[in-house]
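Single-structure report; data block below.
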Amino acid sequence: MEKDRIVEQIKDIVLYKTGKTIDEVSPQAKYEASSIMIMDDIKEDWAKTTKKNKDRRNAYYFSAEFLIGRSFGNNILNYGLNHEAEGVAEELGISLSALEEMEEDPALGNGGLGRLAACFMESAATENLPLQGYGVRYSQGLFKQYFNQGFQMEEGDDWTALGDPWSLRKQAETKIVNFKDQKVLAVPYDTPVIGYRNKNINTLRLWQAEAINGFDFSKFNNSLYDDSMSTKNRAEDITRVLYPNDSQKAGKILRLKQQYFFVSASIQDIVSKYKQHFPLDIKFKDFSKYHIFQLNDTHPVMAIPELMRLLLDENFLSWEEAWKITKKVFAFTNHTILQEAMEKWSEDIVETVNPRCFEIIKEIDRRFIAELKESKYTNEKIEELRIVSKGTVRMANLAIRTSIKVNGVAELHTEILKKDTLKDWYELYPSKFLNKTNGITPRRWLVYSNKELSNYITELLGSDDWILDLSKLKELEKYLDDETVLKRINEIKYNNKVRLAKYIKENEGVDIDPNSIFDIQVKRLHEYKRQLLNALHIVYLYNKIKSNPEIDIVPRTFIFGGKAAPGYFRAKSIIKFINEIAKLVNNDPIVSKKIKVVFVENFRVSYGEKIYPAADVSEQISTAGKEASGTGNMKFMLNGALTLGTYDGANIEIFKEAGEDSNFVFGATVEELKEIESTYDPEQLYLNDEVIKETVDILKSDIINDNGSYMFLEIYNSLIANKNEKPDAYFVLKDFHSYVKAHEKIDKEYRDSLSWARKSLKNIANAGKFSSDRTIKEYANEIWDI
Ligand SMILES: *Cc1c(COP(=O)(O)O)cnc(C)c1O
């Protein structure tokens, strides 16, 4: 029997690894052995896929982040071992969920951009598309977040401390990366990306930096113990953390070194494999037939000069030959219109990282300008488009100049790029621009993380075909008026809320009531995402309940999660603010009967898997025009939450698919904000509006306490009295009343539970568009030609 075979194999691995029998070892050892068993089981299919892909055109996803989440449960599901899994775990003397909880989330990403890369990898494997991922194996990841007196604290995340059974170290394929002042080893670790039930297994290759000769024996011998290890430490620093603090020059150099490190290793790897496979093509005539590199934002853009360098200096092609190839093999995804996120590096930093690549970038720029001059471009326009200008290298310009295609990540975002952010580029290269609305994989974000709903959908549709064709969910619309179905939808939601409440009690120590509305905002902390608007609305409710304790409102639980960048003071202030509101509200005997607030620590993929399925309301409240797409919004929708959102990013497409009357739309549009932008005066708004004044004034009161950090005064000033920058740059006060009204509508509509369930089902039924299977097929057909 399959189950017995698996159990025997795991026992064997336990014995080999620990010298003990299964009943003597820890849950961790059982998890590790079970994972190794799966890696052993898949090895032939993995090798077969790798071999097959050698002979065809492949796409390569270059990304500084891959937020893959835990592998164990998802691999069991995708490889089709889930029918045996419970029984196997039982034989091992442990529950399946206890085994799953042993796995650390690989902390290899920050937020949506990294999670998108992970969803794309899974969808490509499922769709039998040859897509390989290339990135960085950060030894300490981003950071682990915890709270001390409500302040965010950070610590290193040593996610491989207990091993990493899901990767194979491929020592023999090590590369050397050269910087101006340093030479390091790039050692690849390969992780399988398993397609859903199709035995197709692609590869995610992550590079780790190591010293070539890390230990100085003679220094050690002379008692210089620290010095003897410094070469090793300097090398390993390169892949220690994601987004090292770049407020100082040393940090900037480290960031760019990190970027160059992984793209240099990746391009070297791909070029050397090509030469092995096609030893006769010394002019690389067919290279562009076999390769297309997708640049996930500007972080991997150094791949462009690196490919040129390899073709020119190590393979002796002429500039024209090398450029012809390079111009055919890159495509670029833009992820933001926020100026601070458009990478620009000062010339001396690029030169310090790799002088030859800097020279190549300057030559690309020189030839580009000559071309523009020839087509009668004005100096002013040329200045906008230049790659090297005013002492800086603009990575987005280098990417757009070189790429065959440039894409935004939602319809609105792509339109803003064309009309505004990248207007001059769009005029120059109109046919390069296209939209690829983001998506999420339904395997992880529904089948795995919401089994009860997933099974029910299969029961209703009479087949599980929808897992591979999410547009089939549309057929659920025939149940929109079926009371039995609607009641069951509510019951499933309730069960997920009970599970989340239990988990939050265990992990945060807060009691929450599954009968209350679960109103959730989980995402990175950023002013444009407007967690502050959400917080001020809670203050508004608090004041209302205080002045009228008998007020009739449906009990509500506000749940927050998300990390602030360690150097982003105001975002950290907002976390402290929300934690203080939580303390105030939850400790008030009257208010806490109606509302509760909890900010969960260290939000990450595995926490999300418990949160998204339990939401009634999905908070997607960014300032219109600022959220490129969002993908959290799609996860909530697929799990039956109603969106409370602005006309921004993919929210617009969600409203279009599911209908505005199944969601709660509020706030100013991009056009409206543009119109008022120059005259917007939040101070007048504050002075003339009693409700806003009373709400915002909590920041200056002694009802809440920022422990002398002046954080709350700083938030206040940012809204009302900012001297150095525009006050309320994200229009929190502008949208406040519209937001309050939308919340009142939620309160009213939640009372009719069948009508609410109908809207929930309407959202689920219309979430098909947001499968990353759809997105990845569009990339494959319209950009990659694979
Ligand atoms: C989906 C996801 C995100 C992205 O959320 P947005 O709401 O789109 O910003 C961030 N972090 C994690 C862990 C996620 O799973």
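Position 673 of the sequence shown, counted from 1, bears residue number 1031 in the working numbering, the numbering being contiguous throughout.
All C-beta atoms in this analysis are idealised placements derived from N, C-alpha and C, irrespective of residue type, glycine included.
Residue j beta carbon less than 8 Å from that of residue i
i, j, result
"Tyr419", "Gln652", "yes"
"Lys940", "Phe927", "What sits at residue 940 in the sequence shown is Ala, not Lys. Going by C-beta atoms, Ala940 is not nearer than 8 Å to Phe927."
"Leu891", "Ile979", "yes"
"Arg598", "Tyr496", "yes"
"Arg415", "Lys647", "yes"
"His693", "Ala986", "yes"
"Leu1000", "Tyr1044", "no"
"Ile875", "Val943", "no"
"Tyr618", "Asn712", "yes"
"Pro913", "Ile953", "yes"
"Gly493", "Phe501", "no"
"Leu811", "Leu834", "no"
"Lys1099", "Phe1024", "yes"
"Pro658", "Ile718", "no"
"Tyr970", "Phe994", "yes"
"Ser429", "Trp517", "no"
"Val949", "Lys904", "yes"
"Tyr886", "Tyr1088", "yes"
"Asn673", "Asn558", "no"
"Phe690", "Ile758", "yes"
"Glu442", "Glu360", "yes"
"Leu489", "Asn560", "yes"
"Glu977", "Asp1047", "no"
"Leu669", "Ala680", "yes"
"Lys409", "Leu457", "no"
"Ala483", "Asn654", "no"
Assigned exposure category for residue i - 16 Cβ within 10 Å defines buried
i, result
"Arg724", "exposed"
"Ala972", "buried"
"Gly1126", "buried"
"Asp522", "buried"
"Val960", "The residue you asked about is not Val; residue 960 is Asn in the sequence shown. Burial call: buried."
"Gly553", "buried"
"Phe1022", "buried"
"Gly470", "buried"
"Val551", "buried"
"Arg1109", "exposed"
"Val1049", "exposed"
"Ile371", "buried"
"Phe424", "buried"
"Asn571", "exposed"
"Tyr1005", "buried"
Rounded C-alpha distance that separates residue i from residue j
i, j, result
"Leu1057", "Lys1032", "28 Å"
"Ile507", "Thr376", "Correcting the residue type first, residue 507 is Gln in the shown sequence and not Ile. Rounded to the nearest angstrom, the two C-alpha atoms are 42 Å apart."
"Lys777", "Gly1003", "24 Å"
"Val383", "Arg363", "20 Å"
"Gly925", "Leu614", "18 Å"
"Asn1065", "Lys930", "14 Å"
"Val1054", "Tyr1074", "7 Å"
"Lys739", "Glu705", "22 Å"
"Gly749", "Lys607", "15 Å"
"Pro788", "Val687", "19 Å"
"Gln540", "Gln626", "17 Å"
"Asn411", "Leu665", "21 Å"
"Thr816", "Phe918", "31 Å"
"Arg744", "Leu439", "54 Å"
"Asp643", "Phe636", "According to the sequence as given, residue 643 is Lys; it is not Asp. If I take the Cα positions, the gap works out to 10 Å."
"Val545", "Gln616", "14 Å"
"Ile426", "Arg473", "6 Å"
| How would the residue list near ligand 1 read, in chain order, if you kept each one whose beta-carbon is closer than 5 Å to any heavy atom? | Gly469, Gly470, Arg473, Lys881, Val963, Gly966, Gly988, Thr989, Gly990
| message | For the segment 838-851 against the segment 1108-1117, do three or more pairs of beta-carbon atoms, one drawn from each stretch, fall closer than 8 Å, so that the two count as touching? | response | yes
| Looking at C-beta atoms only, is the number of pairs between the segment 455-463 and the segment 557-577 that lie closer than 8 Å three or more? | no
| Contact between the segment 761-781 and the segment 704-719 (3+ Cβ pairs under 8 Å) | no
| said: For the segment 1126-1135 against the segment 790-808, do three or more pairs of beta-carbon atoms, one drawn from each stretch, fall closer than 8 Å, so that the two count as touching? | reply: yes
| query | Between the segment 390-407 and the segment 437-455, do three or more beta carbon pairs fall short of 8 Å? | reply | yes
| Three or more beta-carbon pairs under 8 Å between the segment 627-635 and the segment 396-410, yes or no? | no
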